[in-house]
Structures are given as C-alpha cells and as structure tokens.
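Working notes for the structure below.
Numbering (the numbering used here), first residue to last: 815 to 1408.
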C-alpha cells in the first residue's frame, strides 16, 4: 500500500513524518511476513509494545493508522469553566473601563470560587478579542513610591476642562492623600487664582486635618520661587509655613512626580466629564463632581490598595480649630455657588397634607430607617451613618439626603404617629418634595405609576415577583420604571432608554413597593452621538472638523469610526477603542465619510 511512498533518501528536504510512516510500515510487513516481534523490535530500534501497537493500528485503520498521533491531553483540569469565561466577557462588555485585575476582583464578589487570577482574565480577554495584546519591552524610567501612612503627604494640582453650557471653562482645584488615594479637595473655581486655591486648601484642612507635607508643581498659585524680579512668598506658602507643613515642588517637566493626582485627573475625565458634557452652571458642576468623588472615596475598590476603598485606609485628623491663616482667606470675587436648597414655604391650614411633618434621622449602620408604626425603609449599607431629612404625612414618606430625594414610600403612619413625631422635635413640613406615593388599592383608569429600582448585575430587576430583563449596560444603575397601562417605560439619567410590555396588570401597580403616581410627560430618548468614517492614511493622521487626529501608522489602511462628542473624539475600529483625542474647536462636522 505504501510502496509508492518516496524513500527519505530520495526526497529533497527531509520529511520526518513521512519517514516515520514508512519506517513503521516496514516493521509491520516484517511481522506479517512471519518474523518474530522481538526480532523486528530489535531490528527497527523500538520496543515490542510499540510494534504490537503499530500492528494493531494497521489492522484497524490501514496505512492511515501509522501516522503520528497528537499526545495533547483531551481535557485540561485547570482550564477556566465556560460559564466563568462568559461572565468575564460580559463584565468587560458592560464595563469597558475595567481591566483584568478589577474583573478578577468582581468575580470573587459574585461568588466565583476559586476566582481566576489577573493573568487568566487577561488571556480570556485577548482570546475573545476584547483587548489588544500588549508587550512592554522597556523598563520604566521612574520608580513607584508611596508614603507609609495617611495624612503624611497631600498631592495638589489644578485641572482644566470643566465646561459650562454657555461655553465658559472653569478649573478644578484637586488634592489627594498620597497613601490612601482619598480625594481631599475637588473644588470648582471660576479662576484658578492663588486665593481660590488657598480657600479650597484651608477648607480641606478644617475638614480632614493638617497634613505633614504637600507636593505641588511649580505653578504661581503654589510657589513664588520663580517670581520676577525677585522670589517672594505667596499666600499658599505662608499658610503651609504657619501650619508647620513642609512644601515640596516637582522638577520642571516631570509630571510623574505627582503621578497619583494626574492619574486621578484621567479617571475623572474619562468616567464623568467626557460622559456628562457641559454643565448647566458651576453649582451643577460642583454637585456632579461631589457625587462622583463620594462614590470614588467610599465605594470604588482601588488596585494600588489591594482592592480596598480609599475611605477604609484614610485616617483623617480633623483640627479642633481652623488653621491660623484660614481666617485671612476671603472668598474670591466669583465664588462657586452652593447647591440650591429646596424651598419650604409653610402650608395653609385646610390644605391637603397640612398634617405633614418634617424631621431628621440618621441611617443605621445596617442601612435602615425605623419609623413609628413598625415601618422600616431599607437602604444600601454604604449610606449607613448619613443624616437624612424625612417628609411624612398619612399618604407618603419622602427621604432626602443633602436636599436630594433618594426614596419615596407609601406611609403607614397614623395621625397619632405624626403627633408623636411633632412632640419629639418634628417641624411643620413645606410642600411635598416629590409626587405622592400611589394610594393602596385600585387606581383610576389611565393613571401612570412610577417606582425606582436598581438594575442587577445581570441587567434585570425584580417587579411584583417577576424578573424583568432590562439591559446589561445598566447594571448597577438606579432607574425609574413607569407603568402606564400595558406598557413599562425605563428611564435612566433623565432619558427614556427602553419600552417593554408591563409584567403586571394595571390594578396591581399601586401595591408595589415605592410606587408613586405621576403626571409628568415621558422624557425624550437619548440622541446618539454623531459618527464619521475615515480611512487612515499612510502617515496615520486623519482630519475631522479641521482638527488633525494622530491615530498612528500602525493603523494605516484601516477604516475607523470616529464618535464625535462635545469634548472628545473617540476612534474605534471594529468596536475596539483605539484612542481618545480632546476636541480643540467647535467647528461643524461637514464630511461624515471620506
């Protein structure tokens, strides 16, 4: 059968596989011709067991059975289970900013045991095309460093790029604790003057205590070392001197020295500023940044802290009295407006809800508010210890944190309970801060009901005993569900994102926890960002809105999609982000395809 196979000596370019097949075939022919197996084994330099195996495979499969077989194991006991690999891919698609280490940490929180390591998660992402494989062939020219304890060193800087709707650009005075990564300063200012910087600095010292050292760049707000014609002491240096703080300056053109605060700037820009767009006012910008900083400090695991939160490592030492120089720092001519408080005009007697009462409570460490009438309101444990204001009457209970509504529940309080609350220090309430909770029982026809829910990690919510699939991209977000007859509208961040069939009949809507009536019109759906298609030229530079985008020579010849946002251009290729470029002008986009 294999007589036509060429002998190894006659073939140019020796083929080891063909030689092995021919070698085994000759051994098999010797045995079939009557030669003893032991003699054939010695003649061909193999064991008797190998000769028996060749003979058995030849009789079963013919010449094809003598071909070399792979010894690769059919199964791998250490291979990641398919469901875990699918979860890794789902988390990466839902949270594109999460890297391998964060995903490995989140898998542990979700009960994956044993949780895969960072390298395993990275290989899964590369294998599924969710990240571009990277090889770092050079050594870093800088060394990592960190103070041994919190409050030993603060890094301070000034960040640009806080845009308002009118086109005005504000600045952000920032400060971070070197050891714990706890953000101590995030103050929006109209002008980054020395007085505005010092005001934010002294307020932070009054809140958290006086650090041992501060590290800044060589900006004129922080040092008078380069003042012409002679060096002079600026207000910031005076505050540090009178409070016993050692000031340290970076070398010129060395941003890695203040790398922690610079890295935080990048995180803030990617996760908040790029998505939020221009703010309505300075007060709105300050409120949005404060909320994001609060989540960063208290709820976000930090990789450099071994996935601990900054607040769990930070140890403030608030001063018993304000710093000596703080009293001399007067507000600047354009102070940041405070977040407006909700007006509370008093009700007139006889109006509906005149029995309403307003009082203050503190959420328990377990995330509970215990009210009269054996009524409890549950919150996330992260809100434990926060003071809240409660507006209550016989129909509704509204809970406000820092002037913002965070929960509405149907009231089970009686008139006696409200009277008891007034005796305990409650005060007459103003107008109802939000729509009333839905009354128990049947609702009139065509009455819309709203309720708030947090989307689970799988993109679904629980509603009246039903698990309703919303969207994986909304996992972890608080959404408003509006039940309007046979339809359910999903509202996230003030935008209509989805409309689904209502999972419950209209008559049961009022029985749901947190249900409230509403007559407000539906918000508009989010408008998709504009997109431009470009083919990357040989030099790797393309043009959008009279702005040159340096994509890179490595991507020459590729057709990329450029997402046009208010402040940045995002360059994508096959849904993989290649880079982000700041938008430097407001030119209109005239060519969407080139």
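Quick reminder that beta carbons are idealized off the backbone N, C-alpha and C, glycines included.
The model shown is predicted, which means the values in this text are computed figures rather than measured ones.
Rank 1272, 1373, 1062 by C-alpha distance to the C-alpha of residue 1444 and give the top, closest one.
-> Past the edges of the chain, shown from 815 to 1408, lies residue 1444, and the structure says nothing about it.
Tell me whether residue 1283 sits in a helix, a strand or coil according to DSSP, three-state version.
-> strand
On a CA-only basis, which of 1101, 1006, 992 is nearest residue 1075? Give me that one, please.
-> 992
For the ligand GDP, is there a heavy atom less than 6 angstroms away from the beta-carbon of residue 1048?
-> No copy of the ligand GDP appears in this structure; indeed no ligand is present at all.
So is residue 1123 buried or exposed if we call it buried at 16+ other beta carbons inside 10 Å?
-> buried
Reduced DSSP category for residue 1173 - H, G, I as helix; E, B as strand; rest coil = strand
Euclidean distance between Cα positions of residue 1269 and residue 1211 = 23 angstroms
Given a threshold of 16 other Cβ atoms within 10 Å of its Cβ, counted over all protein chains shown, does residue 755 qualify as buried or as exposed?
-> Given that the chain is displayed from residue 815 to residue 1408, the structure contains no residue 755 and the question cannot be resolved.
Reducing DSSP to helix, strand and coil, say where residue 944 ends up.
-> coil
Note down, in chain order, each residue of its chain lying with its Cβ closer than 6 angstroms to the Cβ of residue 944, except the 5 sequence neighbours on either side.
-> 906
So, is residue 999 buried or exposed, given that buried needs 16 or more other C-beta atoms within 10 angstroms?
-> buried
Kindly indicate the opening and closing residues of the alpha helix (DSSP H) around residue 868.
-> 862-875
In the DSSP assignment, what residue or residues form a beta bridge with residue 968?
-> 991, 1028
7 angstroms CB neighbourhood of residue 1012 in its chain, flanking five on each side removed = 1049, 1050, 1053, 1143
Taking the alpha-carbon positions, what's the residue 1014 to residue 1326 distance?
-> 45 angstroms
For residue 1250, the nearest candidate out of 1224, 1381, 1275 (CA to CA) = 1224
In terms of residues, what are the limits of the alpha helix (DSSP H) holding residue 908?
-> 896-908
Is residue 1121 helix, strand or coil by DSSP?
-> coil
Enumerate in chain order the residues of its own chain whose CB-to-CB distance from residue 1314 is below 6 angstroms, with the five nearest sequence positions on each side excluded.
-> 1302
Determine the closest residue to residue 1388 out of 1395, 1382, 1374, with distance taken between C-alpha atoms.
-> 1374
In or out: residue 994 buried (at least 16 other Cβ within 10 Å) or exposed?
-> buried
Three-state class that DSSP yields for residue 974 in the structure shown | strand
For residue 1174, count neighbouring C-beta atoms within 10 Å of its own C-beta (all shown protein chains included) and say buried if the count is 16 or more, exposed if not.
-> exposed
Residue 935 to residue 893, Cα distance in whole Å?
-> 12 angstroms
Starting from residue 1210, follow its DSSP beta bridges and name the residues at the other end.
-> 1224
Residue 1100, buried or exposed, once every other Cβ within 10 Å from all chains shown has been counted against 16 | buried
With 16 as the cutoff for other CB atoms within 10 Å, does residue 1232 come out buried or exposed?
-> buried
Along the alpha helix (DSSP H) that carries residue 856, what are the first and last residues, could you check?
-> 851-858
CA-CA distance, residue 795 and residue 1361?
-> Lying before the first or after the last residue shown, residue 795 is absent from the chain, which here runs from 815 to 1408.
Would the region 1064-1078 and the region 1026-1042 be scored as touching if the rule is three or more Cβ pairs under 8 angstroms?
-> yes
Identify the continuous beta strand (DSSP E) that holds residue 1383 and give its terminal residues.
-> 1382-1387
Is residue 1353 helix, strand or coil when you go by DSSP?
-> coil
Going by Cα to Cα distance, which pick from 852, 872, 1126, 843 is closest to residue 863?
-> 852
Please list, in chain order, all residues of the same chain as residue 1069 whose beta carbon is under 7 angstroms from its beta carbon, the five residues on each side excluded.
-> 1076
Counting along the chain, where does the beta strand (DSSP E) carrying residue 1303 start and finish?
-> 1301-1306
Could you have a look at residue 1295 and say whether DSSP puts it in helix, strand or coil?
-> strand
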